[in-house]
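Asker: UniProt numbering puts the first residue of the sequence shown at 1, with every later residue one more than the last. C-beta: ideal position from N, C-alpha, C; glycine also.
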Amino acid sequence: VKANKTAHKEAVYDLSFSRTDLKFCSCSKDASVKVWDFARCQEERSLSGHGWDVKSVDWHPTKSLLVSGGKDNLVKLWDAKTGKELCSFHGHKNTVLSVKWNQNGNWVLTSSKDQIIKLYDIRSMKELESFRGHRKDVTALAWHPFHEEYFVSGSFDGSIFHWLVGHDTPQVEMHGAHDNSVWDLSWHPMGYLLCSGSNDYTTRFWCRSRPGDSGRDKFTTGQSQGYGDQNSLLTGRTAIGFPAPEPPSTPGPYSGTIPGVGAAMPLTVGFDQGDQRQ
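(1) Go ahead and label Pro61 buried or exposed: buried means 16 or more other beta carbons lie within 10 angstroms of its beta carbon, across all protein chains shown.
(2) Please state the DSSP three-state secondary structure of Val165.
(3) Going by other Cβ atoms of all chains shown within 10 Å of its Cβ, with 16 needed for buried, is Trp52 buried or exposed?
(4) What first and last residue would you give for the beta strand (DSSP E) that runs through Ser159?
(5) Would Ser26 be called buried (16 or more neighbouring beta carbons within 10 Å of its own) or exposed?
(6) Going by C-alpha distance, which of Asp72, Lys136, Asn104, Leu141 is nearest Phe89?
(7) Keeping to the same chain, check which residues put their C-beta closer than 7 angstroms to that of Lys29; ignore five residues upstream and five downstream.
(8) Give the straight-line distance between the Cα atoms of Gly91 and Asp114, rounded to the nearest whole angstrom.
(9) Would you identify the three-state DSSP class for Met174, choosing helix, strand or coil?
(10) By the three-class DSSP mapping on this structure, what secondary structure does Gln42 have?
(11) Is the CB-CB distance between Ser46 and Val33 below 9 angstroms?
(12) Secondary structure at Asp213, three-state DSSP: helix, strand or coil?
(13) Run through DSSP, which three-state label would Ser186 get?
(14) Quick one: grab the DSSP three-state call for Glu149.
(15) Measure the alpha-carbon distance for Val99 versus Leu141 and round it to whole angstroms.
(16) Tell me the DSSP bridge mates of Leu109?
(17) Taking the DSSP output, what are the residues bridged to Thr203?
(18) Enumerate in chain order the residues of its own chain whose CB-to-CB distance from residue 279 is below 6 angstroms, with the five nearest sequence positions on each side excluded.
(19) Rounded to a whole number of angstroms, what is the C-alpha to C-alpha distance between His167 and Glu149?
(20) In three-state terms, what does DSSP make of Trp52?
(21) Pull up the distance between the alpha-carbon of His175 and that of Cys195, whole angstroms please.
(22) Along the chain, where does the beta strand (DSSP E) that runs through Ala140 open and close?
(23) Could you check which residue in Leu65, Ser56, Trp107 has the C-alpha nearest to that of Asp184?
(24) Do the segment 98-112 and the segment 125-139 make contact, defined as three or more Cβ pairs closer than 8 angstroms?
Have a look at this one:
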């Protein structure tokens, strides 16, 4: 067990490892972001620029870039090697609660107490899209591990929404997914299970049906939750006029499908109706 008792002066809100696992970053209520050498458990540099609590931080999937968001309503990009601030986004009107890099390395997804999710492209340093639908603070975000257009969000009111880049409204709304705030969301590496953690003291696992099966969960909240053949709302819903690259395919014989999601997922790739791996 490694420990550093003087890592920050106040509460630590978030952590993120680099791709190589040699370094990681942390953010804190003390308004700082710090870069650490994992093997030595030593601080390499402290990044100053936020004017208030830093609520979330994420390390770029391939480069030495960090993104952070905080109570000053700002989203900031950093060079982890030099500690230099590269850019600030001023799109949110309230505390930024979550920031997430897409695996393509070009998109940053952010969520806030202003109930809005925003997508930024770091190549142009511009906002690409805003997603509206949540009625309370958007507290958690998670990109799907294979399909870069697809992500989920969790809210202070316990709801979980499913989204597609290019559509500014949710594709699926799971109201009452939890009885209290959703604090974290995480996909299984193969993408067929979603795990959610909540202030209602529960961790829940959400599983979609196999391609060709009904889209209804084994346990539901009284409505059809998610993607599947019976979800007529998703028929023909593909992004139009949005400059999104084609999503990568699921490896192996499941190329073109999202494991456990179902055949009706409106992505810009073809669907393989082959059997699903357990």
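Answerer: In short:
(1) Counting from 1 along the sequence shown, the entry for residue 61 is found at position 61. The residue is exposed, with fewer than 16 neighbouring Cβ atoms inside 10 Å.
(2) Residue numbering aside, residue 165 sits at position 165 when the sequence shown is read from its first letter. Reduced to three states, the DSSP call for Val165 is coil.
(3) Here residue 52 is taken as the residue at index 52 of the sequence shown, counted from 1. Exposed, because fewer than 16 other Cβ atoms sit within 10 Å of the Cβ of Trp52.
(4) Locating residue 159 in the sequence shown gives position 159, counting from the first residue. Taken as a continuous stretch (DSSP letters only), Ser159 belongs to no beta strand (DSSP E), as it is neither H nor E.
(5) Start at 1 with the first residue of the sequence shown, and residue 26 comes out as number 26. Ser26 comes out buried.
(6) The residue you call residue 89 lines up with position 89 of the sequence shown. Checking every option, the nearest Cα to that of Phe89 belongs to Asp72.
(7) Counting from 1 along the sequence shown, the entry for residue 29 is found at position 29. Closer than 7 angstroms at Cβ, skipping near neighbours: Glu10, Ala11, Tyr13, Asp53.
(8) For the purposes of this step, residue 91 is taken as residue 91 along the sequence shown, with counting starting at 1. For the purposes of this step, residue 114 is taken as residue 114 along the sequence shown, with counting starting at 1. Looking at the two C-alpha atoms, the distance is approximately 10 angstroms.
(9) Along the sequence shown, one-based indexing puts residue 174 at 174. The answer is strand: DSSP assigns Met174 an E or B state.
(10) Working through the sequence shown from its first residue, we reach residue 42 at position 42. Strand, per DSSP.
(11) As a working mapping, residue 46 is identified with position 46 in the sequence shown. As a working mapping, residue 33 is identified with position 33 in the sequence shown. Contact flag set, yes.
(12) Residue numbering aside, residue 213 sits at position 213 when the sequence shown is read from its first letter. Its pLDDT being 46, under 50, Asp213 is placed unreliably in this model, and the value from its coordinates should be taken loosely. Asp213 falls in the coil class under three-state DSSP.
(13) Numbered from its first residue, the sequence shown carries residue 186 at position 186. Note: Ser186 maps to strand in three-state DSSP.
(14) The residue given as residue 149 occupies position 149 in the sequence shown. Three-state result, Glu149: coil.
(15) Stepping through the sequence shown from its first residue, residue 99 is reached at position 99. Stepping through the sequence shown from its first residue, residue 141 is reached at position 141. Their backbone Cα atoms lie some 8 angstroms apart in a straight line.
(16) Translated into the one-based positions of the sequence shown, residue 109 becomes position 109. Bridge partners of Leu109: Lys100, Leu119.
(17) By one-based count along the sequence shown, residue 203 stands at place 203. Paired residues: Gly197.
(18) Residue 279 is absent from the model: the chain starts at 1 and stops at 278.
(19) In the sequence shown, residue 167 corresponds to position 167, counting from 1. In the sequence shown, residue 149 corresponds to position 149, counting from 1. When rounded, the distance between both Cα atoms is 10 angstroms.
(20) As a first step, residue 52 must be located in the sequence shown, where it is residue number 52. It is coil, neither helix nor strand.
(21) Start at 1 with the first residue of the sequence shown, and residue 175 comes out as number 175. Start at 1 with the first residue of the sequence shown, and residue 195 comes out as number 195. Cα to Cα, His175 sits roughly 16 angstroms from Cys195.
(22) Taking the first residue of the sequence shown as 1, we reach residue 140 at position 140. Where Ala140 is concerned, the enclosing beta strand (DSSP E) stretches over 138-143.
(23) Taking the sequence shown and counting its residues from 1, one reaches residue 184 at position 184. Asp184 has its Cα closest to that of Ser56, out of Leu65, Ser56, Trp107.
(24) yes
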